[in-house]
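Chemist:
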Amino acid sequence: MPLLESQWMIELSKEWDVLGPFPIHAREQHFLEPSFPIDVKVPIDLNATYPSSYADGGQVTWSKARADKDSGILEVSFPESVRWKSLRDSEGWAALQHHAVLKTSLTVYPVSGSNSNTRPPHLRIKLVGGSYFTIISSNSTGKVPRWYAGNIYDMERALPRVVELPEAPSFDKPTTYDIFVSGDYEIRLFGDPRVQRNSDTPAQTIKLEVELDIDIEQVVWEPTQDVVPDVVSGWTFGDAIGIGLRARDGWWSVYDAQITHPLKEYLSLNLPSTKFRLAPTQARILPLRIRQHKDLPLAFTSINVTLVLQRDDAGVYIQHNSGDTITLELSLAVTHVVMWDDPSPTSSNPVFKGSYFFGVSDSIPTNFLVVPPESSDKRRAPILALHGAGVDIFAPSPSESFWAQALPRQVWSWVVIPSGRTSWGLDWHGPSAQDAWGVLDAVTDILQSSESTTWGKNKWGIPSTTPNRKPQAILMGHSNGGQGAWYIAERFPDRVLGVIPASAYIKSQAYVPWTMSRSAHFADPFLEAILQTSLTPDDNDLFVGNLRGKDVLAIHGGDDENVPVWHSRELVGVLQNLEGVSYNTSRVEFLEFRGQPHWFPTVFKNDQVQSFIDQLLDAAEFGPQCVTYPENFSLTVAVPAESGSMQGWHIEKLSLPGRLGRVSVHVMEQSSSSAMLVNAKTTNILEFSVDPKLFGVLEKDMQLYIDGKQVVLDSRILEMAQVIYFKAVGPKLWKLSNSRNTLQLSGRMQTVLSSPNSVDHSEFMGPAPLVFVVPDAVLDLESGPTHAMSIALRLSHDLLVYHRLDSEIMINSEVNFALLKPEFASAFSKGNVIVVGNEAALELQTALHQGEANFVTENNFIDVKEFMTRDKESYFSIRIQ
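All residue numbers for the sequence shown refer to our numbering, where the first residue is 37 and numbers rise by one.
(1) Can you tell me the Cβ-Cβ gap for Gln508 and Val475, rounded? I've got them flagged as a contact below 8 angstroms.
(2) For a quick check, are the C-beta atoms of Arg282 and Ala319 less than 8 angstroms apart?
(3) Could you pull out every residue in the same chain whose Cβ sits closer than 8 angstroms to the Cβ of Trp460, ignoring the five residues on either side in sequence?
(4) Answer yes if the segment 171 to 182 comes into contact with the segment 75 to 90, meaning at least three C-beta pairs across the two stretches below 8 angstroms, and no otherwise.
(5) Just list the alpha helix (DSSP H) runs in the segment 236 to 274, keeping only unbroken ones of 4 residues or longer that don't cross its boundaries, in chain order.
(6) Considering only the beta carbon of each residue, do Asn919 and Ser725 sit closer than 8 angstroms?
(7) So Gly513 and Pro529 are in contact, right, with Cβ under 8 angstroms, and what is the actual spacing, rounded?
(8) Does the segment 436 to 449 come close enough to the segment 404 to 417 that 3 or more CB-CB pairs lie under 8 angstroms?
(9) Considering only the alpha carbon of each residue, which of Leu368, Met552, Leu334, Pro418 lies closest to Ile326?
(10) When DSSP labels each residue in this structure, what does Phe626 get in the three-state scheme?
(11) Can you tell which of Val118, Leu754, Glu116, Ala101 has its C-alpha closest to the C-alpha of Leu110?
(12) From Lys543, Trp52, Met825, pick the residue whose C-alpha is nearest to that of Lys243; which is it?
(13) Is it true that the segment 429 to 442 meets the segment 476 to 483, where meeting means three or more beta-carbon pairs spaced less than 8 angstroms apart?
(14) For Thr361, collect the residues of the same chain with a Cβ closer than 6 angstroms to its Cβ; drop the 5 residues on either side in sequence, then sort them by chain order.
(15) Counting pairs of beta carbons, one from the segment 193 to 208 and one from the segment 111 to 121, are three or more of them closer than 8 angstroms?
(16) Output yes or no for whether 8 angstroms exceeds the beta carbon distance between Gly873 and Ala824.
(17) Looking at Asp834 and Ala185, is the spacing between their C-beta atoms short of 8 angstroms?
(18) Going by DSSP in three states, Gln43 sits in which element: helix, strand or coil?
(19) What is the rounded straight-line gap between the Cα of Glu799 and the Cα of Leu779?
(20) For the pair the segment 244 to 253 and the segment 562 to 582, tell me if three or more CB-CB distances fall below 8 angstroms.
(21) Quick check on this structure: which residue in Ile721, Gln683, Val701, His686 has the alpha carbon closest to the alpha carbon of Gly694?
(22) So what does DSSP say about Ala813, is it helix, strand or coil?
(23) Report all residues from its chain with a CB closer than 8 angstroms to the CB of Val580; omit the five preceding and five following residues, and keep chain order.
(24) What does DSSP give as the partner residues of Tyr541 in its beta bridges?
(25) Which whole-angstrom value describes the C-beta separation of Val599 and Val535, a residue pair presumed to lie in contact below a C-beta threshold of 8 angstroms?
(26) When you compare each of Val452, Asp577, Trp550, Val267 to Glu487 by their alpha carbons, which one comes out closest?
(27) Could you check the C-alpha separation between Val290 and Ile847 for me, to the nearest Å?
(28) What's the gap between the Cα of Glu548 and the Cα of Ala103?
(29) If I measure Cβ to Cβ from Glu597 and keep anything under 7 angstroms in the same chain, skipping five residues before and after, which residues do I get?
(30) Report the three-state DSSP secondary structure of Ala876 (helix, strand or coil).
(31) Is the segment 382 to 395 touching the segment 253 to 265 in the sense that three or more CB pairs, one from each, lie closer than 8 angstroms?
(32) Starting from the C-beta of Thr170, find all residues in its chain whose C-beta is less than 8 angstroms away, skip the five residues before and the five after it, and write them out in chain order.
(33) Inspect the CB distances between the segment 540 to 554 and the segment 48 to 68 and report whether three or more fall short of 8 angstroms.
(34) Under DSSP, the alpha helix (DSSP H) around Ser225 begins and ends at which residues?
(35) Please classify Asn890: does DSSP put it in a helix, a strand, or coil?
(36) To which residues of the same chain is Gln706 closer than 8 angstroms at the C-beta, ignoring the five residues directly before and after it?
Encoded structure:
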């Protein structure tokens, strides 16, 4: 039946036309035209055939499918035209990866009273299991479609996407639109069909839901996006609160946030330091800092908040010139948790939810979980536990979290459980890795700074085992989290005591081979090599040597149906081969449980794992491990901004970004004295530093050679025990730097998600919200948002769904003000800027002309360049057309 919504009705057809399957490699759909091999801008011939190497005879045509009438779920498979077993016998999992084009229709009905003054409705669309979708007017041709990313990963708490119709519907008769969906089978998402369905035939499961978005308030509270910490024995575990908000239309700014009586005597709220504004149809999470004044009684199970928002005109960034003001009354549910050192026995782990600001200053509020230790009479290093792909750590509730309950609770160690931004995150790379360390640092700070007389003021604190007061941790993870444990430990070895990766894969390219790549048939091999090189930072096998001196216990089920056991065997073998020399100081072990699948309840809860943890914690109790004896080690880095130090040696800049940088250090005793001789050899390094607190052989009588040439260190420098900075002034020619090295912001475009707020690595505070700059003309009277504005809104939505990252949308005429008043106007001067469209890019160049900009205009385009803001911080601008 059609759905009635005020002056419009809509009806989504259950009937689908399906074309496929076509070979693609893993995740390749993000590089390809979503509708290939057809062109949705022209009429579709449902009788045409298309070449496909999967099908018998090499040709496929359109077929019919029907969504379930009750659930709306559509199953797409090709059991008759494709001999999947035969393909799999030769190509393995890679042959199951495939792409299909799906087509259905949406009909919009006007109801009595509709007229040309009635506003066409917006749609709220959920696509689960599909990669992309677009809506096309059935009677129009030649118009470029707007493709929207679907929720193929079935991300938790994802908001529907607000979509405008490509053309206004008729006011006197039904209007039919075509909806096209890119359906792509991913082994990592949907699994092996033999395991999932007891069949050789892979099947896509797709659900499309469409509803009207009319007759709602101008700004809507979206409670699924809220961020609220638990109250532990009367005090909040963290000071970050987030409130999900979505604008229907217009630009809306938050001007006030108040906690209502009687909670005012216990709590208060601070607005963010920069203006928080919603663009038309945009959803964001409002960050608020909570201040607690005294114990919160158990009787208060919610925090009642009043928000005041005012409507702004685009271009008027600070002053509002509209009389439109709305007030939202919200009630944020609060969970009280009693003190966990309860002597009563329990079979489950005590778990509670904390919060912190992932982004710079007071932005991007984020939740996490912790499992507290049983006792506080000793303080031992924490365990950082990384969940697997698709695991929502907060479901079904924090106290019942599957992942939190699967971990072994420790007597004196906190178990810290980050979300990695979402259940999938970014495979624990980029912002997910930042979140892991950010949560650990936040827990440390919360335990030190909380005013709770029960657990605060460092009564249950985490020991700081490194000179810069950043705690070290044991890294533990399963599946994707196991891969993440390898990844993070290899990039930040000085913060890691040991690693326990379970059921981990080596890297995404090795998980499902790229054998069936479509783009490989057309790409220039030279450009293809650049694309392959962009994946270098993900190659865990290239960086496994950075774990020299770290104990590793790799675990895998012998009959793993999800991640083949050879992945762990191979990584352990590579590490053991590197460590199989006379100066080996690592303990590398492999624990294979015969007959066990991908997940089993005792993967971490067993005597071998606990014994390994106990030995690591015992060793760490003696303090930081610094180099004071002869040894050799090598540090390999691909992206300096995403890498930490090893034995105090840290690479800040590469000579040629995109290539690996490496420093190899050989420490030996001099035959004539007890002083040490340090011989370092570098490859592709421009700047690096050494921390004497972690590299303990930098003493007065020590001799240092870099690339065969002696570098004399003044005794006063050594006595200060401060970080020493080196800079290359010529090929293999080094000098001491008088100033602190800054981080090189290099790498693939993905790094725009996680570039640090500051290029000073010692002051890293996390990323800032991304800023989209669009041309001043943001509305098209015929089709709603302009193309540039639509791009910004689509990317903003994707950032929130896939990475829980915040973004702000500005127009050109606001840029000057944002530069002049960076302290309160915008995130513009704090993070990365994405410029949408040539017009916006050229106007931004003009605005920055008087500053220290390094934009380069070529052929009327502005390339991706680094630029300096007035406070001398370095950021990137990316132009999108």
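We put the CB at the ideal spot given by N, CA and C, even for glycine. This structure is a prediction, so every number in the text was calculated from the model and none was measured.
Modeler: Taking the structure as given:
(1) Here residue 508 corresponds to residue number 472 of the sequence shown, with the count starting at 1. Here residue 475 corresponds to residue number 439 of the sequence shown, with the count starting at 1. About 15 angstroms; that fails the 8 angstroms criterion.
(2) Sequence index remark: in the sequence shown, residue 282 carries index 246 (1-based). Sequence index remark: in the sequence shown, residue 319 carries index 283 (1-based). Result yes, Cβ atoms of Arg282 and Ala319 sit closer than 8 angstroms.
(3) Residue numbering aside, residue 460 sits at position 424 when the sequence shown is read from its first letter. Correct list, in chain order: Tyr189, Met191, Ala425, Gly426, Asn516, Tyr838.
(4) yes
(5) none
(6) Past the boundaries of the shown model lies residue 919; the chain is included only from 37 to 917, so the question cannot be answered.
(7) Taking the sequence shown and counting its residues from 1, one reaches residue 513 at position 477. Taking the sequence shown and counting its residues from 1, one reaches residue 529 at position 493. Actually they do not touch by this definition, with Cβ atoms about 16 angstroms apart.
(8) yes
(9) Working through the sequence shown from its first residue, we reach residue 326 at position 290. Of the listed residues, the one whose Cα sits closest to Ile326 is Leu368.
(10) Counting from 1 along the sequence shown, the entry for residue 626 is found at position 590. Correct three-state label for Phe626: strand.
(11) Here residue 110 refers to the residue found at position 74 of the sequence shown. Minimum Cα distance to Leu110 is reached at Ala101.
(12) Taking the sequence shown and counting its residues from 1, one reaches residue 243 at position 207. For the residues Lys543, Trp52, Met825, the minimum Cα distance to Lys243 belongs to Trp52.
(13) no
(14) Reading the sequence shown from its first residue, position 325 is the one you call residue 361. Result list for Thr361: Gln346, in chain order.
(15) Taking 8 angstroms as the limit for Cβ pairs, the verdict is that the segment 111 to 121 does not touch the segment 193 to 208.
(16) Numbered from 1 along the sequence shown, position 837 holds the residue referred to as residue 873. Numbered from 1 along the sequence shown, position 788 holds the residue referred to as residue 824. Yes, the Cβ-Cβ distance between Gly873 and Ala824 is below 8 angstroms.
(17) Walking along the sequence shown from the start, residue 185 turns up at place 149. Walking along the sequence shown from the start, residue 834 turns up at place 798. Yes, the Cβ-Cβ distance between Ala185 and Asp834 is below 8 angstroms.
(18) The residue you call residue 43 lines up with position 7 of the sequence shown. Residue state, collapsed to three classes: coil.
(19) Start at 1 with the first residue of the sequence shown, and residue 799 comes out as number 763. Start at 1 with the first residue of the sequence shown, and residue 779 comes out as number 743. Since pLDDT at Glu799 reaches only 49, below the 50 mark, its modelled position is unreliable, and no value is offered.
(20) no
(21) Mapped onto the sequence shown, residue 694 falls at position 658. Per the Cα distances, Ile721.
(22) Start at 1 with the first residue of the sequence shown, and residue 813 comes out as number 777. If DSSP states are grouped into helix, strand and coil, Ala813 belongs with coil.
(23) Sequence index remark: in the sequence shown, residue 580 carries index 544 (1-based). Cβ within range, chain order: Trp522, Glu526, Leu607, Val610, Leu611, Leu614.
(24) Numbered from 1 along the sequence shown, position 505 holds the residue referred to as residue 541. For Tyr541, which the question treats as bridged, DSSP gives no partner whatsoever.
(25) Along the sequence shown, one-based indexing puts residue 599 at 563. Along the sequence shown, one-based indexing puts residue 535 at 499. With 8 angstroms as the limit, Val599 and Val535 do not qualify as a contact, their Cβ atoms being about 17 angstroms apart.
(26) Mapped onto the sequence shown, residue 487 falls at position 451. Proximity to Glu487 across Val452, Asp577, Trp550, Val267 peaks at Val267, based on C-alpha coordinates.
(27) Counted from its first residue, the sequence shown places residue 290 at position 254. Counted from its first residue, the sequence shown places residue 847 at position 811. Using only the alpha carbons, I get a separation of about 18 angstroms.
(28) Locating residue 548 in the sequence shown gives position 512, counting from the first residue. Locating residue 103 in the sequence shown gives position 67, counting from the first residue. Looking at the sequence itself, residue 548 is Val, so the reference to Glu does not match. C-alpha of Val548 to C-alpha of Ala103: approximately 29 angstroms in a straight line.
(29) On the sequence shown, residue 597 is found 561 positions in, with the first residue counted as 1. Correct list, in chain order: Asp228, Val231, Pro633, His634.
(30) In the sequence shown, residue 876 corresponds to position 840, counting from 1. Residue state, collapsed to three classes: helix.
(31) yes
(32) Sequence index remark: in the sequence shown, residue 170 carries index 134 (1-based). The beta carbon of Thr170 is closer than 8 angstroms to those of Pro70, Ser71, Val76, Pro181, Arg182, Trp183, Tyr184, Ile215, Phe216 in its chain, skipping five residues each way along the sequence.
(33) The segment 48 to 68 and the segment 540 to 554 touch, with three or more beta-carbon pairs separated by less than 8 angstroms.
(34) Taking the sequence shown and counting its residues from 1, the one referred to as residue 225 is at position 189. Rather than Ser, the amino acid found at residue 225 in this sequence is Leu. 223 to 226 is the span of the alpha helix (DSSP H), which, as asked, contains Leu225.
(35) Here residue 890 corresponds to residue number 854 of the sequence shown, with the count starting at 1. Per-residue confidence for Asn890 stands at a pLDDT of 45, beneath the threshold of 50, marking its modelled position as unreliable; the derived number appears in the next sentence. It is coil, neither helix nor strand.
(36) Taking the sequence shown and counting its residues from 1, one reaches residue 706 at position 670. Here the set comprises Met712, Leu713, Gln739.
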